[in-house]
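Have a look at the structure below before the remarks.
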Amino acid sequence: MRALSPEREPELTQHYRRWRPALMSYFLKRVHDHAEAEDLTQETFTRLFGGAAADTGFHAGYVFQVAANLLRDRARRLKVRTDHQDAVDTLYGQGVDWLDPEKLAAGRNALSRLMAGLGELPERTRTIFVLYRVENMDKRLIAESFGISASAVEKHVTRALTFLMARARGEGR
714 MRALSPEREP ELTQHYRRWR PALMSYFLKR VHDHAEAEDL TQETFTRLFG GAAADTGFHA
774 GYVFQVAANL LRDRARRLKV RTDHQDAVDT LYGQGVDWLD PEKLAAGRNA LSRLMAGLGE
834 LPERTRTIFV LYRVENMDKR LIAESFGISA SAVEKHVTRA LTFLMARARG EGR
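In the numbering used here, the protein residues as written are 714 to 886.
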């Protein structure tokens, strides 16, 4: 932004006094918040004093076009904030109380049963399951390294999942 010359100060003060009430009224009708209207009015003058109006004059059409553009910018910023907050609420909120002691205890118990169940699986089934589900190793690579078919790998994984799901629910031993 250009620096304002001291000799232009009286002229700009006159424009400020002339346009401030109209701009405040314009913004108050739209944002219903005095502080926000004041900020928008000040930003309008900042743009007017640093832009073409400072040289060409303060015509009503130009003054209110700048004001309308500021309102559009404000609406876009608010929409981005709202959309972001909605996304965060949807992603993380979902009405779940993550610190609920009962849910934490239940989760820990299920995890303990799952870990115990892993230890009860036959070693080969456990290893194949961990390679496939935890290490994300391809079925064909697992099959090659164990000298079995890919469908046999699937059967081991299915057997392990069925057993572990039952253990996590508290079924079995």
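By construction, the Cβ of each residue, glycine as well, lies at the ideal position given by its N, Cα and C atoms. Keep in mind the model is a prediction, meaning the values are calculated, not measured.
Task: Buried versus exposed call for Thr757 [16 or more other C-beta atoms within 10 Å across all chains shown] - done: Here Thr757 is buried. Its C-beta has 16 or more other C-beta atoms within 10 Å.
Task: Euclidean distance between Cα positions of Asp746 and Pro719 - done: Distance between the alpha carbons of Asp746 and Pro719: 33 Å.
Open item on the list: With the cut-off set at 8 Å, would you say Leu874 and Leu827 are in Cβ contact?
Closed with: no
- [ ] Can you give me the Cβ contacts of Ala829 inside the same chain, cut-off strictly under 8 Å, excluding the 5 residues immediately before and after it?
- [x] Arg880
- [ ] Using three-state DSSP, classify Glu815 as helix, strand or coil.
- [x] helix
TODO: Decide yes or no for the touch test of the stretch 811-827 against the stretch 837-852: beta carbon pairs closer than 8 Å, at least 3 of them.
DONE: no
TODO: Assign Met714 to one of two classes, buried (16 or more other C-beta atoms within 10 Å of its C-beta) or exposed (fewer than that).
DONE: With a pLDDT of 48 at Met714, under the threshold of 50, the modelled position of this residue cannot be trusted, and the question is left open.
Open item on the list: Taking the straight line between their C-alpha atoms, what separation do you get for His728 and Glu751?
Closed with: Across the structure, His728 and Glu751 are spaced so that their CA atoms are roughly 16 Å apart.
- [ ] Go through its chain and collect everything with a Cβ distance to Trp732's Cβ below 6 Å, but skip five positions before and after it.
- [x] Val776
Task: Contact check, Arg794 vs Val779, beta carbons under 8 Å - done: For Arg794 and Val779, no; Cβs fall outside 8 Å.
Open item on the list: Along the chain, where does the alpha helix (DSSP H) containing Phe771 start, and where does it finish?
Closed with: From DSSP, Phe771 is part of no alpha helix (DSSP H); its letter is neither H nor E.
Open item on the list: Please report the straight-line C-alpha distance between Thr840 and Asp813, rounded to a whole angstrom.
Closed with: 34 Å
Task: Option nearest Leu834 by Cα separation, candidates His772, Ser738 and Val870 - done: Of the listed residues, the one whose Cα sits closest to Leu834 is Val870.
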